[in-house]
Amino acid sequence: MSQDRLTHLKRLEAESIHIIREVAAEFRNPVMLYSIGKDSSVMLRLALKAFYPGKLPFPLLHVDTTWKFREMIAFRDATVKAEGLDLIVHTNRDGVAAGVTPFSHGSSVYTNVMKTEALKQALSAHGFDAAFGGARRDEEKSRAKERVFSFRTDTHAWDPKNQRPELWRLYNARVRPGESIRVFPLSNWTELDIWQYILLEKIPIVPLYFAAERPVVDRGGQWIMADDDRLPLLPGETPDLRRVRFRTLGCYPLTAAVESDAASLPEIVREMLIARTSERSGRLIDHDDSASMEKKKREGYF
Amino acid sequence: MNAIDPTIAADASAFTDYLGRHEKKSLLRFLTCGSVDDGKSTLIGRLLYDSKLLFEDQLLSLEKDSRKHGTVGDDIDLALLVDGLEAEREQGITIDVAYRFFSTDKRKFIVADTPGHEQYTRNMATGASTADLAVILIDARRGVLTQTRRHSFIASLVGIRHVVLAVNKIDLVDFSQAIFEDIVADYRAFAAGLGFRTLAAMPLSARHGDNVLEKSARTPWYGGPTLVEHLETVAVDDEAAERPFRLPVQWVNRPNLDFRGFSGTVASGTVRRGDAVVVAKSGRTSTVKSIVTFDGELDTASAGEAVTLTLADEIDISRGDVLSAAADRPEVSDQFAAHLVWMADEPLLPGRPYLLKIGARQVTAQVTAIKYKIDVNTGGELPAKSLALNEVGVANLSLSEPVAFDPYAVNRETGAFIVIDRLSNLTVGAGMIDHGLRRAGNIHWQALDVDKRARALAKGQKPAVVWFTGLSGAGKSTIANLVERKLTALGRHAYILDGDNIRHGLNRDLGFSDADRVENIRRVAETAKLFVDAGLIVLVSFISPFRAERRLARELVETGEFVEVFVDTPLDVAEARDPKGLYAKARAGEIARFTGVSSPYEPPEAPEIRLDTTSAPADALAERVVAHLQDIGIVPGADVTI
Chain A
6 MSQDRLTHLK RLEAESIHII REVAAEFRNP VMLYSIGKDS SVMLRLALKA
56 FYPGKLPFPL LHVDTTWKFR EMIAFRDATV KAEGLDLIVH TNRDGVAAGV
106 TPFSHGSSVY TNVMKTEALK QALSAHGFDA AFGGARRDEE KSRAKERVFS
156 FRTDTHAWDP KNQRPELWRL YNARVRPGES IRVFPLSNWT ELDIWQYILL
206 EKIPIVPLYF AAERPVVDRG GQWIMADDDR LPLLPGETPD LRRVRFRTLG
256 CYPLTAAVES DAASLPEIVR EMLIARTSER SGRLIDHDDS ASMEKKKREG
306 YF
Chain R
32 MNAIDPTIAA DASAFTDYLG RHEKKSLLRF LTCGSVDDGK STLIGRLLYD
82 SKLLFEDQLL SLEKDSRKHG TVGDDIDLAL LVDGLEAERE QGITIDVAYR
132 FFSTDKRKFI VADTPGHEQY TRNMATGAST ADLAVILIDA RRGVLTQTRR
182 HSFIASLVGI RHVVLAVNKI DLVDFSQAIF EDIVADYRAF AAGLGFRTLA
232 AMPLSARHGD NVLEKSARTP WYGGPTLVEH LETVAVDDEA AERPFRLPVQ
282 WVNRPNLDFR GFSGTVASGT VRRGDAVVVA KSGRTSTVKS IVTFDGELDT
332 ASAGEAVTLT LADEIDISRG DVLSAAADRP EVSDQFAAHL VWMADEPLLP
382 GRPYLLKIGA RQVTAQVTAI KYKIDVNTGG ELPAKSLALN EVGVANLSLS
432 EPVAFDPYAV NRETGAFIVI DRLSNLTVGA GMIDHGLRRA GNIHWQALDV
482 DKRARALAKG QKPAVVWFTG LSGAGKSTIA NLVERKLTAL GRHAYILDGD
532 NIRHGLNRDL GFSDADRVEN IRRVAETAKL FVDAGLIVLV SFISPFRAER
582 RLARELVETG EFVEVFVDTP LDVAEARDPK GLYAKARAGE IARFTGVSSP
632 YEPPEAPEIR LDTTSAPADA LAERVVAHLQ DIGIVPGADV TI
């Protein structure tokens, strides 16, 4: 545990690789959740490093709500091809059939049906006993107390008051049939660490992170991009072209853009450092009250 | 989360320098501990707040939460920044380890915020296990408390060698130098035996920020560094890179026939291309051919780096093996003495089989003896038969197979293990190895000329354990008796080990605590094993309420030699029969810990035979057992002559 020989990024990288290898070795059927965002891009790079020169010993899983930005899907498919990955795409067909959209049912029902339920469907259908997620402890308060190996019951529920103690680098990977572990290899990374690593390692990310002219509408002080013609426009409303970028990526109707000129990685990092709005505030699902993420997670949200 | 000076952000070349510095900074992991209300959460909140690490919306939500849950009037309650879970915000205490991050130009910090409540000792051990330094908070008004001693002891136990004594709330004692110095003297006297290599004491006010980031004008008598200055510069390098090389193999990387690599994180030391290495357990040696990473091959790799090694020779290596410096090898043993911190509501029971994870290896292990438990407040040794939640003890462990390890005091990576309950899968304990026990190497099994097979053949049967389990009064002994009579009538050799009878002799020193119940069954299981070795059919009639011990008994003999018979009688039926009047006594409170009444019975999940005693008379049930033994070839069928 020598401090000054290794930089903090080297130590974080090694810790993540250790975690990823441990999962591949201990679980019968692991999967890596791939959300296409910057954290997923870093997590994927770390996984490629963990097994080099071998291939990834597990598939990626993307839960497609059908409302992702088109550029995200294009980036996903290009990445899978370039790295020769095994990708599973899952959509909650029941939700689609029931016509659940962010507009018809509101963000809360929509997120529950098309993300949380969809994820549980996919995990159960494939019998995955471990699922990697790219969440970080600095994102949000309830995450700060979550384990790296976070136990889920057979109904995918998280019990924050009954977590397994986690010591040293010794992760307890024991589960019974139906139970699973969510694994967070980026637990100890901060947003700045992620960006610095992307910069240092030249990791490709979705172009939406960079500022460009994009068609947006103003919804209650949030810039929402008209990514396709499914966005219902209010009477008299027309999308304006504005120079915007996204600090976080999700479903386009639920992910607000920020006005920005940052068109390169160093500019993004610089902008982030002087920013005064934290990362998840661009995600509309967290806003109800500050304990809402803990509730979602107990129900099985990642 | 990080703040930046706007002038640096505005200047492109200054910003490039800034990024360069931040790429090169190092990492320090520390934990904060103290008693309830010493201000741990407030201190961490202060570090985040003063380092301008909060964003506007977080501040907004903090102000909102302060009004709702805050405990400091109209001020912003900094503790709310770090008290994450809804439940604990309502209770106003931190109930679990939380990890926080902040950084300066020199270092990134990972802070484990650990609770001060007595019942959460396990969380402190958890936070300390990955920390290099501990910040121990003391309320200046209250001085060194029992909890202070406890936290310092646990920090020392878990191998922390660098301590900051943060004398907090110094504003509430009028910034008194005399009070500060008394507390520090008090603490130094107590901590002298704890093996801390650095101990820095400083007067703080977390709430007002004195000596946290900025030197306080209100403590002119204090000439030392501020807390952050100290954390930025303290050298905690524990020379891990200079110690003997160890790499626990996590993953055998075999993408094709031409490549066979051994992946893992270097636990200690440095390895170079061409170095001689040994597989600690098998003693096989080779030399390092290459050190492979995604970013290219390396000449050397040191502690903390995750790499893949290829070797010059094809030797057998699998996950869990430890690659080590050939000239300086770890110990290999199946028995060792260790300090244990117990972390589960269910107590540690000697004799019960647990899983133990050490490095990348998982083995079955039993505690063979608890030497003593430790009063964490005084450091004193107390006699113990088991360890309860949050207790610390020293014990001997016996493993199902030898493992490679170093004493924890020498190597935190290869000397640590966790204990996992085999049924609940919970992490129930944490262990730190003191030293190997050599007995395993010196007591060998005496090989005998007449073996089990020969003895069984002479009796015309296959030996087996027929294990009757069920509530008191279920009918175990009655049925076992009938089975023995039937077997004897068939000319077979059987013997009954009966719970009550054994307790009169072999086990008369045992009571009915959970620990004694486990030992009771362990002895009977071992006795049954010897009788099986003698070629007998052993009929064991014991309540044996715990699954874990029945599993132990099963695993002591060979596959197919164990027949579990669940004598399934509902509690109300057994209680109505009450042949020995025990239920009546138990209900009257005259017998403590009576199975089914005041102590649990865990029914078998998949017994070979289940006998419903409400559906048929005992004789018919005994007949079913005999028929089963004939079916599986333990007893030859009636029409078969031998």
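So the sequences go chain by chain: A and R.
Everything in the first sequence is counted per our numbering, starting at 6 for the first residue and increasing by one.
Everything in the second sequence is counted per our numbering, starting at 32 for the first residue and increasing by one.
From the three backbone atoms N, C-alpha and C, an ideal C-beta is built for every residue, glycine too.
Please report how far the alpha carbon of residue i lies from the alpha carbon of residue j, in whole angstroms.
i, j, result
"His131(A)", "Ser40(A)", "18 Å"
"Ser112(A)", "Lys120(A)", "11 Å"
"Arg655(R)", "Leu513(R)", "11 Å"
"Gly255(R)", "Thr229(R)", "14 Å"
"Tyr202(A)", "Val259(R)", "25 Å"
"Lys86(A)", "Ser155(A)", "31 Å"
"Arg138(R)", "Leu58(R)", "5 Å"
"Lys266(A)", "Lys43(A)", "First, the amino acid is wrong: residue 266(A) is Asp here, not Lys. Going by the C-alpha atoms only, they are around 19 Å apart."
"His13(A)", "Leu561(R)", "57 Å"
"Leu61(A)", "Ser46(A)", "14 Å"
"His23(A)", "Gly295(R)", "7 Å"
"Arg33(A)", "Leu354(R)", "25 Å"
"Trp163(A)", "Ala55(A)", "28 Å"
"Arg344(R)", "Thr84(A)", "The sequence shown places Asp at residue 344(R), rather than the Arg named in the question. Rounded to whole angstroms, Asp344(R) to Thr84(A) spans 37 Å at the Cα level."
"Glu592(R)", "Arg392(R)", "29 Å"
"Tyr257(A)", "Phe74(A)", "6 Å"
"Lys29(R)", "Ile208(A)", "Chain R is shown from 32 up to 673; residue 29(R) falls before or after that span and cannot be answered."
"Asp326(R)", "Met48(A)", "16 Å"
"Ser544(R)", "Ala637(R)", "26 Å"
"Ala118(R)", "Ala337(R)", "Residue confidence is low: Ala118(R) scores 49 on pLDDT, short of 50, so the model does not pin down where it sits. Its coordinate-derived value is still stated next. Cα-Cα distance, rounded: 38 Å."
"Leu191(A)", "Ser21(A)", "6 Å"
Roughly how far, in whole angstroms, is the beta-carbon of residue i from the beta-carbon of residue j, given that I think they are within contact range, below 8 Å?
i, j, result
"Glu444(R)", "Arg277(R)", "7 Å"
"Ile322(R)", "Ala332(R)", "5 Å"
"Gly501(R)", "Asp603(R)", "About 14 Å; that fails the 8 Å criterion."
"Arg181(R)", "Val407(R)", "5 Å"
"Thr145(R)", "Gly158(R)", "4 Å"
"Leu164(R)", "Val265(R)", "7 Å"
"Asn456(R)", "Arg157(A)", "Going by Cβ atoms, the distance from Asn456(R) to Arg157(A) rounds to 13 Å, so no, they are not a contact pair."
"Leu172(A)", "Ala271(R)", "That belief does not hold up - the Cβ atoms of Leu172(A) and Ala271(R) are roughly 18 Å apart, past 8 Å."
Would the beta-carbon of residue i fall within 8 Å of that of residue j?
i, j, result
"Ser236(R)", "Asn284(R)", "no"
"Ala556(R)", "Ala584(R)", "yes"
"Ile75(R)", "Val142(R)", "yes"
"Val666(R)", "Val571(R)", "no"
"Asn97(A)", "Val114(A)", "no"
"Asn177(A)", "Thr458(R)", "yes"
"Arg252(A)", "Ala217(A)", "no"
"Val657(R)", "Pro381(R)", "no"
"His370(R)", "Leu225(R)", "no"
Starting from residue i, find everything on chain R with Cβ-Cβ shorter than 9 Å and list it in chain order.
i, result
"Val180(A)", "Asn456"
"Ile210(A)", "Ordered by position in chain R, no residue passes the 9 Å Cβ test against Ile210(A), which lies about 17 Å from the chain."
"Asp234(A)", "Near Asp234(A) there are no residues of chain R at all, since even the closest Cβ is about 32 Å away, more than 9 Å."
Going along chain A, which residues have a C-beta under 7 Å from residue i?
i, result
"Asn284(R)", "Phe56 and Gly59"
"Leu233(R)", "According to the sequence displayed, residue 233(R) carries Met and not Leu. The premise fails here: Met233(R) is roughly 21 Å from chain A at the closest Cβ pair, so nothing lies under 7 Å."
"Ile451(R)", "Asn177 and Arg179"
Strictly below 8 Å CB to CB, what residues from chain A border residue i?
i, result
"Glu54(R)", "Thr12, Leu14, Gln201 and Leu205"
"Arg350(R)", "Ala30"
"Tyr439(R)", "By Cβ distance, chain A contributes nothing, its closest Cβ being about 10 Å from Tyr439(R), past 8 Å."
Could you name the residues of chain A that residue i contacts, counting a contact when the two beta carbons are closer than 9 Å?
i, result
"Glu260(R)", "Within 9 Å Cβ-Cβ: nothing; Glu260(R) doesn't reach chain A, min ~16 Å."
"Gln397(R)", "Chain A residues near Gln397(R): none, gap ~18 Å exceeds 9 Å."
"Phe290(R)", "Pro58 and Gly59"
For residue i, return the contacting residues in chain R, with the cut-off set at a CB-CB distance below 7 Å.
i, result
"Arg187(A)", "Near Arg187(A) there are no residues of chain R at all, since even the closest Cβ is about 15 Å away, more than 7 Å."
"Arg26(A)", "Gln281, Trp282 and Ser294"
Which residues in chain R sit within 8 Å of residue i, going by Cβ to Cβ distance?
i, result
"Arg169(A)", "Leu457 and Thr458"
For this session: With 8 Å as the C-beta to C-beta threshold (strictly closer), list the residues of the stretch 30 to 60 of chain A near chain R in chain order.
Result: Within the stretch 30 to 60 of chain A, those residues whose Cβ lies closer than 8 Å to any Cβ of chain R are, in chain order, Ala30, Leu53, Lys54, Ala55, Phe56, Tyr57, Pro58, Gly59 and Lys60.
Exercise. At a Cβ cut of 7 Å, what residues of the stretch 292 to 306 of chain R count as close to chain A, listed as they run along the chain?
Worked result: Taking 7 Å as the Cβ-Cβ cut-off against chain A, the residues of the stretch 292 to 306 of chain R that qualify are Ser294 and Thr296.
Problem set entry | Contact list for the stretch 91 to 125 of chain A against chain R, Cβ threshold 8 Å | Listed in sequence order: no entries.
For this session: With 9 Å as the C-beta to C-beta threshold (strictly closer), list the residues of the stretch 267 to 281 of chain A near chain R in chain order.
Result: For chain R, the residues of the stretch 267 to 281 of chain A that bring a beta carbon within less than 9 Å of one of its beta carbons are Pro271, Val274, Arg275, Glu276, Met277, Leu278, Ile279, Ala280 and Arg281, in chain order.
For this session: Quick one: which residues of the stretch 128 to 143 of chain R get their C-beta closer than 8 Å to a C-beta of chain A? List them in chain order.
Result: If the cut-off is 8 Å between Cβ atoms, the stretch 128 to 143 of chain R has Val128, Ala129, Tyr130, Arg131, Phe132, Ser134, Arg138, Lys139 and Ile141 near chain A.
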